[in-house]
Amino acid sequence: MDNITIKLNGRAVSVPAGSTILEAARSAAIDIPTLCYMKGLNEIGACRICVVEVKGAKSLITACNYPVSPNMEVFTRTPRVLEARKKTLQLLLSNHNCDCLSCNRNGTCELQALCRQYGVDAVDRYAGAKTPSQPDETAPHMIRDNSKCILCHRCVAVCTQVQSIGAIGANGRGFNTNVSSPFKLGLGTTNCCHCGQCIAVCPTGALTEKSQIDQVFDAINDPGKVVLVQTAPAVRASLGEAFGLPIGTDVQGKLAAALRRLGFDRVFDTSFGADLNVMEAAAELLARLHDGGKLPVISACCPSWVKFCEHFYPEMTEHLSTCKSPQQMTGAVAKSCWAEKVGIDPQRIVMVSIMPCTAKKFEIHRPDEAANGMPDVDYALTTRELARMIRRAGIRFCDLAGEAYDTPIRAGTGAGMLFGAAGGIAEATLRMAAYTLTGQPAPAADFSQVRGLDGVRQATYTLGEQQLKVAVASGLGSARALMEQVKSGKADYQFIEIMGCPGGCVNGGGQPQVPYTIRNFTDVREARTAVLYAIDKGNPLRNSYENPDVKALYKNYLSKPGSYRAHSLLHTTYIKRRRNEY
Ligand code: SF4
Ligand code: SF4
Ligand code: SF4
1221 MDNITIKLNG
1231 RAVSVPAGST
1241 ILEAARSAAI
1251 DIPTLCYMKG
1261 LNEIGACRIC
1271 VVEVKGAKSL
1281 ITACNYPVSP
1291 NMEVFTRTPR
1301 VLEARKKTLQ
1311 LLLSNHNCDC
1321 LSCNRNGTCE
1331 LQALCRQYGV
1341 DAVDRYAGAK
1351 TPSQPDETAP
1361 HMIRDNSKCI
1371 LCHRCVAVCT
1381 QVQSIGAIGA
1391 NGRGFNTNVS
1401 SPFKLGLGTT
1411 NCCHCGQCIA
1421 VCPTGALTEK
1431 SQIDQVFDAI
1441 NDPGKVVLVQ
1451 TAPAVRASLG
1461 EAFGLPIGTD
1471 VQGKLAAALR
1481 RLGFDRVFDT
1491 SFGADLNVME
1501 AAAELLARLH
1511 DGGKLPVISA
1521 CCPSWVKFCE
1531 HFYPEMTEHL
1541 STCKSPQQMT
1551 GAVAKSCWAE
1561 KVGIDPQRIV
1571 MVSIMPCTAK
1581 KFEIHRPDEA
1591 ANGMPDVDYA
1601 LTTRELARMI
1611 RRAGIRFCDL
1621 AGEAYDTPIR
1631 AGTGAGMLFG
1641 AAGGIAEATL
1651 RMAAYTLTGQ
1661 PAPAADFSQV
1671 RGLDGVRQAT
1681 YTLGEQQLKV
1691 AVASGLGSAR
1701 ALMEQVKSGK
1711 ADYQFIEIMG
1721 CPGGCVNGGG
1731 QPQVPYTIRN
1741 FTDVREARTA
1751 VLYAIDKGNP
1761 LRNSYENPDV
1771 KALYKNYLSK
1781 PGSYRAHSLL
1791 HTTYIKRRRN
1801 EY
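Numbering follows my numbering, with no gaps: position 330 of the sequence shown is 1550.
Shown next, in the form of structure tokens:
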């Protein structure tokens, strides 16, 4: 591609034709602020915080969506530009509740950071009427508080274009414009799939998870309770970001240490549940292959994908694997087999999970997720909520030395760890299927075709005498594209993995928020995924069937995958949802 040379603040800068002024500035190590801009997704130039002066143009120009042209002269920090940005911020604050002290996003709010940067020292420069709003608390996983919304439309773009759902959009006109669900419905009465991707992209505190931190602290402080905690693979790849560590830092050991200091009675690892899921799912797949059951088998570890399937493809729910997610399996085992082993009344157990996910808050209340007559999991907290708990408890996270998880539900194999990355469930299941079909462990590098961040990937493998065609999709828009292929008969896969968040759980809706000044130029998913691949590679046990705790569980309690007891504890059912069934 040809390059174009422009002058930026008086210095020559050469960039590929088609670049925007924003990209040109970035390549010259100059930051231009953005709020509404999401590369390739929301390039609407609506917030006008990215304005710059272009020689010859009367008005200020939005840098995020204006392409460079030969000999263009751009100025990014003239007094006129700086004053315009400050005024934009003051106008945004004029319709904002400015309740920063009690806001979850205090310290991570992109609006707050810009106000600091541009010297906005009074919140009431343009005081006047504010758009009326009431928080929407109807959804199980999140709260929308439009008194903090700046109408950037990032959430709408991700829900509509990436997730293909459109549970939210602009309503009202002029001063009454607001982002909400159609027909003034509460989000909890729409086909929202609880993925939390809207929260992950919101620059302010307008969207937050429904927090259960206080209930968990209460349980920890209750001497009558035995409070267990489990952590999903992807949490160890991101929690460090909340404490200033670089994106892509593995904090597995510090995570276990912090949880112990918070007062949890046992620190368990959800990757144990992931290995257990692989054992059950591989048995299910091979049984359906040999006995003529519904194919393809589609993974059901991701609750936002499950809800999406139930809403949009109810006729396909019979294809879903009946295996519970690793979170639910871990909870069910802890409240039955583990409780029996250590002699604790399961009624005293409170199971808390730390997840990269907001949909897990929905999953724990689903029907048929209560194997022992009580919920398998009592509270599902996000990575962000855990970071807040650690801070509230005064724990110096970065200074902690690493500790191990507790037996017998401790860190799983490399295969279990892969569940946090897109393609990981497929890869782990393939390793298991290969062993079952050939009697030999598969070389770990064999299934790398299912790795990657593309929306949909596919691969065909021959394992013994069995040919297996596999597809992987992440992001619900990609899931829709794949399901349309399957429905139309254009695809003949035997196994499909679908994760609701683009890139899988490492990019979950409950992960630490990364400002778009970084996300527009760095793919955080790659760095977090690399952590899990490194843990897999460094683990001497890379196959789920090698997990000693899982082997002991089958030997002492469950007999074998797919047994009657395994089914009653570890499998679930689905709902064919009608339009009004949420
Ligand atoms: S949680 Fe997901 S589906 Fe629901 S509104 Fe947000 S982006 Fe849309
Ligand atoms: S809720 Fe957040 S992401 Fe959505 S429009 Fe408002 S500020 Fe933007
Ligand atoms: S991909 Fe992972 S984080 Fe995202 S909704 Fe599914 S389970 Fe949750």
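The beta-carbon is built from N, C-alpha and C at its ideal position, and this holds for glycine as well. None of these values were measured; they are calculated from a predicted model.
| query | Are Phe1295 and Val1272 closer than 8 Å when you measure CB to CB? | reply | yes
| query | Exposed or buried, Asp1619, counting other C-beta atoms within 10 Å across all chains shown (16 or more means buried)? | reply | exposed
| task | Evaluate Asp1442 with the Cβ neighbour count: other Cβ atoms within 10 Å of its Cβ, from every protein chain shown; 16 or more gives buried, anything less gives exposed. | result | exposed
| said: Comparing C-alpha positions only, which one of Arg1345, Thr1424, Gln1337, Gly1348 sits nearest to Asp1365? | reply: Thr1424
| request: Determine the DSSP secondary structure at Pro1360, reduced to helix, strand or coil. | output: coil
| query | Under the criterion of a Cβ to heavy atom distance below 7 Å, does Cys1543 qualify as lining ligand 3? | reply | no
| field | Alpha-carbon to alpha-carbon, Cys1413 and Gln1332 | value | 29 Å
| task | Return yes when the C-beta of Ile1370 is under 7 Å from any heavy atom of ligand 2, and no when it is not. | result | yes
| query | Short check: CB of Thr1351 to CB of Asn1391, under 8 Å? | reply | no
| field | Runs of beta strand (DSSP E) wholly within the segment 1616-1691 (minimum 3 residues, chain order) | value | 1676-1683
| query | In whole angstroms, what is the alpha-carbon distance linking Leu1371 and Leu1312? | reply | 9 Å
| message | Given the structure, does Cys1318 come close to ligand 5, in the sense that its CB is under 7 Å from one of the ligand's heavy atoms? | response | What this structure holds is ligand 1, ligand 2 and ligand 3, not ligand 5.
| message | In the DSSP output, what is Pro1287 paired with across the bridge? | response | Thr1240
| field | Thr1298 to Phe1741 span [Cα, whole Å] | value | 25 Å
| Can you list the alpha helix (DSSP H) stretches of 4 or more residues lying completely in the segment 1339-1387, in chain order? | 1374-1377
| So is the beta-carbon of Met1719 under 7 Å away from any non-hydrogen atom of ligand 3? | yes
| Which term fits Arg1671, buried or exposed, when burial requires 16 or more other beta carbons within 10 angstroms of its beta carbon? | buried
| query | How about Leu1601 and Ile1433: are their beta carbons less than 8 Å apart? | reply | yes
| said: Just to confirm before moving on: does the CB-CB distance between Lys1306 and Gly1265 stay below 8 Å? | reply: no
| request: Taking Ser1431 as the reference, give the member of Thr1658, Asn1776, Gly1730, Ala1283 with the closest Cα. | output: Gly1730
| query | Nearest to Gln1337 by CA position, among Leu1405, Gly1724, Gln1310, is which residue? | reply | Gln1310
| Are the segment 1453-1463 and the segment 1581-1600 touching, with three or more C-beta to C-beta distances below 8 Å? | no
| task | Give me the Cβ distance between Gly1675 and Gly1695, rounded to the nearest whole Å; I'm assuming they're in contact under 8 Å. | result | 6 Å
| query | Exposed or buried, Glu1535, counting other C-beta atoms within 10 Å across all chains shown (16 or more means buried)? | reply | exposed
| Smallest Cα separation from Val1744: which of Pro1595, Leu1673, Glu1704? | Leu1673
| field | Cys1577 CB to nearest heavy atom of ligand 3 below 7 Å | value | yes
| field | Proximity of Val1446 and Asp1485 at Cβ, strictly below 8 Å | value | yes
| Of all the options Gln1450, Asn1326, Arg1246, Pro1236, which has the alpha carbon lying nearest to the alpha carbon of Pro1290? | Pro1236
| said: On the DSSP bridge list, what partners appear for Ser1400? | reply: Gly1389
| message | Here's the rule I'm using: 16 or more other beta-carbon atoms within 10 Å means buried, otherwise exposed. How should Arg1762 be labelled? | response | buried
| query | What residue does the alpha helix (DSSP H) around Gln1733 start on, and which one ends it? | reply | Run containing Gln1733: none; DSSP gives neither H nor E here.
| field | Cutoff 7 Å; reference Asn1262; Cβ partners in own chain excluding five residues on either side | value | Cys1256, His1373, Arg1374, Ala1377
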